[in-house]
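The structure appears below as structure tokens.
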Amino acid sequence: MAKGGPVGDEEEKAILEALKAGRGVRAVAAEFDRAPSTISSVATRNGLDVAEHVLMKKRDLMRTCYNAEARIRLVGELLDKARSMLKTCDSSRDLQYLATSIAIGIDKRRLEEATDPSARGGEIRILFETMGGEEVET
């Protein structure tokens with residue numbers, strides 16, 4: 061059960077810092093043993109638009125985690141590493157695992173880069189673009 065009573069000045073400052081750091085209203089409420097409505101009231105009283113803050117956080121997440129160029133670079137690094145491992149791969153089992161990794165990397169790269177819908181490529185890019193549009197609209 062959340063504690064009642066007014067929020068003190070020090071507690072209010074701590075709540076605002078937690079919200080500005082990107083923590084959600086419910087997480088902050090649990091941390092301070094307050095109701096989510098109390099946390100929202102503190103934010104509103106201090107001019108912090110919690111909904112806009114959450115939206116900005118989602119946009120940042122989309123930009124950093126679902127960035128197509130970063131994903132393509134990561135797949136490229138995987139393929140570079142696999143190429144270097146080919147020189148030292150001695151067992152047939154290790155070669156099988158390495159070949160599977162290379163095949164998956166090539167397929168993921170193809171899915172990321174393709175722009176021609178008839179070539180069955182670009183599905184991942186389209187998926188993330190769709191997800192990005194849905195996330196930004198909420």
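Its first residue numbered 61, the sequence shown is counted upward by one per residue in the working numbering. Ideal Cβ placement from N, Cα and C applies to all residues, glycine included. Predicted, not measured: the structure shown is a model, and the values here were computed from it.
- DSSP places residue 83 in the coil class of the three-state scheme, outside both helix and strand.
- Note that the C-beta distance between residue 110 and residue 75 is not below 9 Å.
- The C-beta separation of residue 142 from residue 165 comes to about 7 Å, placing the pair in contact by the 8 Å criterion.
- In the structure shown, residue 119 adopts helical secondary structure according to DSSP, grouped into three states.
- The C-beta separation of residue 91 from residue 128 comes to about 36 Å, leaving the pair out of contact by the 8 Å criterion.
- At a Cβ-Cβ threshold of 9 Å, residue 96 and residue 86 count as neighbours.
- Taking residue 136 as the centre and dropping the five residues before and after it, the same chain places the C-beta of 169 closer than 8 Å to its C-beta, in chain order.
- Residues 93 of the same chain have their beta carbon placed closer than 6 Å to that of residue 63, with the five preceding and five following residues left out of the count.
- With contacts defined by Cβ atoms closer than 9 Å, residue 146 and residue 158 form a contacting pair.
- The beta-carbon separation of residue 108 and residue 79, rounded to 6 Å, stays under the 8 Å limit for a contact.
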